[in-house]
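*Asks:*
Protein chains: 2
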Amino acid sequence: MRERPTATEENKIIPIEQYGLRLMSMGFLLDDSAPAILRGPMVTRYTQQFLRQVEWGELDFLMLDLPPGTGDIQLTIVQTVALSGAIVVTTPQEVALIDARKAATMFEKVNVPVLGLVENMSYFVSPSDGKRYHIFGSGGGEREAKRLRVPLLGQVPIDIATRESGDRGMPIVGEDRKSPVATEFKRIAENLRKTLT
Amino acid sequence: MRERPTATEENKIIPIEQYGLRLMSMGFLLDDSAPAILRGPMVTRYTQQFLRQVEWGELDFLMLDLPPGTGDIQLTIVQTVALSGAIVVTTPQEVALIDARKAATMFEKVNVPVLGLVENMSYFVSPSDGKRYHIFGSGGGEREAKRLRVPLLGQVPIDIATRESGDRGMPIVGEDRKSPVATEFKRIAENLRKTLT
């Protein structure tokens, strides 16, 4: 998205609407090369503003895509709104699973249910011969989901078409809805919808 | 590393020594599943402690591996110690380059020279037929290095052996020093050594 959000007369931010989604991001407010150099208290203030000062209107779901870690943003969110749950995204690699475990432990501590785990970068299908390469290891997401006693919501392969359409600003489900990644995304979404409604 | 650091009589932390490197990490102080749930001021305090309260001794170089972003950790470091320079690591993908640009802009603003750019996940060599797949795009690192007028220090491919040895706690340069990734790491290190001495 390259659009800049506008504001209502009551000075609330109007989210950008695209593909049936209302979107808000720090990136919409800054130039491409301008870093958001912010200490914790300012991060907290922006996070609260994105929750309270955006004219979200009626929504089916509000999804928050968080940066990695267990810091100010995560803490502010759980202390500002009641969350239906958290989704933990990880690669199958051991060092990534350690961080996934930490994220799950944090949400547990603040009484936010972990709805499930999504394994990203699960494998790469070589266009040469269709063989699957488990670059970041195999079975890590499944093992960790069992350990955390949460569902493994899906396994998303590394996919050139998904990356390319993403870089063009077009989600793969819009560009090629029958592609393996699009199918997996829809499966994950469907699983979540069932859990949450 | 699974060791826990100990302390000197003056209550300074003794870093873990391995492969000729002295290492200190938040992870050494916590259990594998224990998240460091910290707001900004605490992050600042730990960052300062790692710089000032660790018995580093005589070092050739002190490298700080930072999390992504331009927040408390980055700000605290530039305000606590004089840095010789920053190295920006990115994948060739457009959305990653945007963040790399922001990081470079931040270091510029606080007068820390950017020593160069490292492109990670540059390509994947299919074990089927040795063909290179530029999963995250091609030439992104080079274009961005030119735009920022800094050297492109190296291009590191996605490599299963590197991931496997890393997960075992063994750097690829120790396990297979002639492998393509080990060779690239050594080239990057040599480039940096020349710049810094």
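Sequence order for the protein chains is B and G.
With this note's numbering applied, the first sequence corresponds to residues 1 to 197, in that order.
With this note's numbering applied, the second sequence corresponds to residues 1001 to 1197, in that order.
All C-beta atoms, glycine included, are put in the ideal place defined by N, C-alpha and C.
Keep in mind the model is a prediction, meaning the values are calculated, not measured.
#1: Could you confirm whether any beta carbon from chain B is found closer than 8 Å to the beta carbon of G/GLU1003?
#2: Extract the residue ranges of the beta strand (DSSP E) inside the segment 1104 to 1141 of chain G, only unbroken runs of 3 or more that lie entirely within it.
#3: Taking DSSP's pairing of strands, which residues face G/ARG1022 in a bridge?
#4: Which residues in the same chain as G/GLY1140 place their Cβ atom closer than 8 Å to its Cβ, once the five residues preceding and following it in sequence are excluded?
#5: When you compare only the Cα positions, how much space is there between G/ALA1104 and B/SER138?
#6: Any idea what DSSP makes of B/VAL88, helix, strand or coil?
#7: Where does G/GLN1079 sit, in a helix, a strand or coil, going by DSSP?
#8: Confirm, please, whether the CB-CB distance from B/LEU153 to B/GLU142 is below 8 Å.
#9: Tell me where the beta strand (DSSP E) around G/LEU1062 begins and ends.
#10: Quickly, what does DSSP pair G/GLY1154 with across the bridge? List them, please.
#11: Run through chain G and tell me which residues come within less than 9 Å of B/TYR242, C-beta to C-beta.
#12: Consider the Cβ of G/LEU1051: report whether some Cβ of chain B lies at a distance smaller than 8 Å.
#13: Residues of chain G with CB closer than 7 Å to the CB of B/ILE87, please, in chain order.
#14: By the 7 Å beta-carbon criterion, what residues does the segment 1026 to 1041 of chain G contribute toward chain B?
#15: By alpha-carbon positions, which one of B/ARG52, B/THR76, B/ILE87, B/PRO35 ends up nearest to G/GLY1069?
#16: Within 8 Å (strictly less), CB to CB, does B/GLN93 reach chain G?
#17: Flag this pair as touching only if the segment 48 to 68 of chain B and the segment 19 to 38 of chain B have three or more C-beta atom pairs under 8 Å; answer yes or no.
#18: Give the interface partners of G/PRO1067 over in chain B, defined as CB-CB distance under 8 Å, in chain order.
#19: Run through chain G and tell me which residues come within less than 8 Å of B/MET106, C-beta to C-beta.
#20: Following the continuous alpha helix (DSSP H) through G/ALA1189, name the residue where it begins and the one where it ends.
#21: Taking Cβ positions only, does G/ASP1176 come closer than 8 Å to chain B?
#22: Between B/THR76 and B/GLN49, which are expected to be in contact by the criterion C-beta below 8 Å, what is the C-beta distance as a whole number of angstroms?
#23: How would you list, in chain order, the residues of chain B whose beta-carbon sits under 8 Å from the beta-carbon of G/ASP1163?
#24: Where do the ends of the alpha helix (DSSP H) carrying G/PHE1050 lie?
#25: Using the C-alpha atoms, what's the distance from G/SER1126 back to B/SER128?
#26: Taking only beta-carbon positions, decide if B/ILE98 is within less than 8 Å of chain G.
#27: Flag this pair as yes or no: are the beta carbons of B/PRO157 and B/TYR123 separated by less than 8 Å?
*Replies:* Quick answer:
#1: Residue mapping note: residue 1003 of chain G aligns to position 3 of the second sequence, counting from 1. So, not an interface residue.
#2: 1114 to 1125
#3: The residue given as residue 1022 of chain G occupies position 22 in the second sequence. Its beta-bridge partners are G/GLU1017.
#4: Numbered from its first residue, the second sequence carries residue 1140 of chain G at position 140. Around G/GLY1140: THR1090, THR1091, PRO1092, GLN1093, GLU1094, ALA1096, LEU1097, GLU1119.
#5: On the second sequence, position 104 is the one that residue 1104 of chain G refers to. On the first sequence, position 138 is the one that residue 138 of chain B refers to. Each residue's Cα considered, the two are about 35 Å apart.
#6: Taking the first sequence and counting its residues from 1, the one referred to as residue 88 of chain B is at position 88. Assigned with DSSP and collapsed to three states, B/VAL88 falls in strand.
#7: Taking the first residue of the second sequence as 1, we reach residue 1079 of chain G at position 79. In the structure shown, G/GLN1079 sits in a helix (DSSP, three-state: H, G or I).
#8: The sequence position of residue 142 of chain B within the first sequence is 142, counting from 1. The sequence position of residue 153 of chain B within the first sequence is 153, counting from 1. No, they are not a contact pair.
#9: Counted from its first residue, the second sequence places residue 1062 of chain G at position 62. Element bounds for G/LEU1062: n/a, residue is neither H nor E.
#10: In the second sequence, the residue the question calls residue 1154 of chain G occupies position 154. G/GLY1154 is bridged by DSSP to G/VAL1118.
#11: Residue 242 of chain B lies beyond the range of chain B shown here (1 to 197); nothing can be said about it.
#12: Within the second sequence, residue 1051 of chain G is the residue found at index 51, counting from 1. Answer no: the Cβ-Cβ gap between G/LEU1051 and chain B never drops below 8 Å.
#13: Position 87 of the first sequence, counting from 1, holds the residue named residue 87 of chain B. Simply none; closest approach about 16 Å.
#14: Answer set for the segment 1026 to 1041 of chain G: ASP1032, SER1033, ALA1034, PRO1035, ALA1036, ILE1037, LEU1038, ARG1039, GLY1040, PRO1041.
#15: Residue numbering aside, residue 1069 of chain G sits at position 69 when the second sequence is read from its first letter. Of B/ARG52, B/THR76, B/ILE87, B/PRO35, the residue nearest in Cα terms is B/PRO35.
#16: As a working note, residue 93 of chain B is residue 93 in the first sequence. With 8 Å as the cut-off, B/GLN93 counts as an interface residue toward chain G.
#17: yes
#18: As a working note, residue 1067 of chain G is residue 67 in the second sequence. The answer, in chain order, is PRO68, GLY69.
#19: Within the first sequence, the letter at position 106 stands for residue 106 of chain B. Within chain G, the residues near B/MET106 are PRO1035, ILE1037.
#20: Here residue 1189 of chain G corresponds to residue number 189 of the second sequence, with the count starting at 1. Per DSSP, G/ALA1189 belongs to the alpha helix (DSSP H) from 1180 to 1196.
#21: Counting from 1 along the second sequence, the entry for residue 1176 of chain G is found at position 176. Cβ-Cβ to chain B under 8 Å: no for G/ASP1176.
#22: The residue given as residue 76 of chain B occupies position 76 in the first sequence. The residue given as residue 49 of chain B occupies position 49 in the first sequence. So it is not a contact: roughly 10 Å between Cβ atoms.
#23: Walking along the second sequence from the start, residue 1163 of chain G turns up at place 163. One point to set straight first is that residue 1163 of chain G is Arg, not Asp, in the sequence displayed. Within 8 Å Cβ-Cβ: GLN93, ILE135, PHE136, GLY137.
#24: Here the question's residue 1050 of chain G lines up with position 50 in the second sequence. Run containing G/PHE1050: 1040 to 1052, per the alpha helix (DSSP H) assignment.
#25: Taking the first residue of the first sequence as position 1, residue 128 of chain B is located at position 128. Taking the first residue of the second sequence as position 1, residue 1126 of chain G is located at position 126. Cα to Cα, B/SER128 sits roughly 8 Å from G/SER1126.
#26: Looking up residue 98 of chain B in the first sequence gives position 98. So yes, B/ILE98 belongs to the interface.
#27: Counting from one through the first sequence, the residue named residue 157 of chain B turns up at place 157. Counting from one through the first sequence, the residue named residue 123 of chain B turns up at place 123. It is a contact, given that the beta carbons lie within the stated cut-off.
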